[in-house]
Amino acid sequence: RLKGTTHPKRKLHIMYSDLLIQYVLFTKQRMKYPLSITYNMRGKPLLSKGFFNISNCNEWVMCTYSNNAAVGADIEEYKRCNHELAQFFFTKEELKYLLTLSQREQI
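Counting in this note's numbering, the sequence shown runs from 16 upward without gaps.
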């Protein structure tokens with residue numbers, strides 16, 4: 016994955032993500048090296064035993080792992096609600112309600 020990436024920030028995300036999942040699998044789940052990782056049709060990495068997902072945003076990397084069920088992870092940058100953009104996705108009643116909320120709740 017690193018060889019196919021030219022953007023320096025993306026390379027860091029890949030390295031940190033790989034280190035994080037290895038840490039979780041080797042220290043917390045006591046898995047043995049080498050890991051058996053395959054990829055589904057969409058390119059999502061799969062383990063022969065257990066499920067994991069990784070998300071990154073700016074300087075944050077998050078990993079989720081489960082022995083029993085597929086898991087998902089998605090972290091996003093905190094941004095203010097764009098009310099002009101929101102009018103294209105919400106009904107008038109929904110927009111009216113949105114404006115009654117604090118900025119933190121609008122996210």
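Here a beta-carbon is modelled for each residue, glycine too, at the ideal position from N, C-alpha and C.
Inter-stretch contact (C-beta, 8 Å, three-pair minimum) for the region 94 to 112 and the region 50 to 63 | no
Would you report the Cα separation of residue 112 and residue 63, rounded to the nearest angstrom?
-> Residue mapping note: residue 112 aligns to position 97 of the sequence shown, counting from 1. Residue mapping note: residue 63 aligns to position 48 of the sequence shown, counting from 1. Using only the alpha carbons, I get a separation of about 46 Å.
Out of 45, 72, 20, state which residue places its alpha-carbon closest to the alpha-carbon of residue 93.
-> The count along the sequence shown starts at 1 and reaches residue 93 at position 78. Answer by Cα proximity: 72.
Give the C-beta separation of residue 29 and residue 20 to the nearest angstrom, bearing in mind that I take them to be a contact with Cβ-Cβ under 8 Å.
-> For this step, residue 29 is matched to residue 14 along the sequence shown. For this step, residue 20 is matched to residue 5 along the sequence shown. At roughly 6 Å, the Cβ-Cβ gap stays under 8 Å, so residue 29 and residue 20 are in contact.
Do you know offhand how far residue 44's Cα is from residue 50's?
-> For the purposes of this step, residue 44 is taken as residue 29 along the sequence shown, with counting starting at 1. For the purposes of this step, residue 50 is taken as residue 35 along the sequence shown, with counting starting at 1. Spanning the two alpha carbons is a distance of roughly 12 Å.
What residues match up with residue 49 in a beta bridge as DSSP calls it?
-> The residue you call residue 49 lines up with position 34 of the sequence shown. Bridge partners of residue 49: none, in fact.
Under the three-state reduction of DSSP, which class applies to residue 100: helix, strand or coil?
-> Along the sequence shown, one-based indexing puts residue 100 at 85. Helix.
Per DSSP, residue 79 is paired with what?
-> The count along the sequence shown starts at 1 and reaches residue 79 at position 64. DSSP lists 68 as partners of residue 79.
Please say whether residue 117 and residue 69 have beta carbons closer to each other than 7 Å?
-> The sequence position of residue 69 within the sequence shown is 54, counting from 1. The sequence position of residue 117 within the sequence shown is 102, counting from 1. In this structure, residue 117 does not lie closer than 7 Å to residue 69 by Cβ.
Whole angstroms is fine: what's the gap from residue 87's alpha carbon to residue 107's?
-> To locate residue 87, count along the sequence shown from 1; it is residue 72. To locate residue 107, count along the sequence shown from 1; it is residue 92. So the two alpha carbons sit approximately 32 Å from each other.
Just to confirm, are residue 52 and residue 75 a CB contact at a threshold of 7 Å?
-> Position 37 of the sequence shown holds residue 52. Position 60 of the sequence shown holds residue 75. Not in contact: residue 52 and residue 75 (Cβ atoms no closer than 7 Å).
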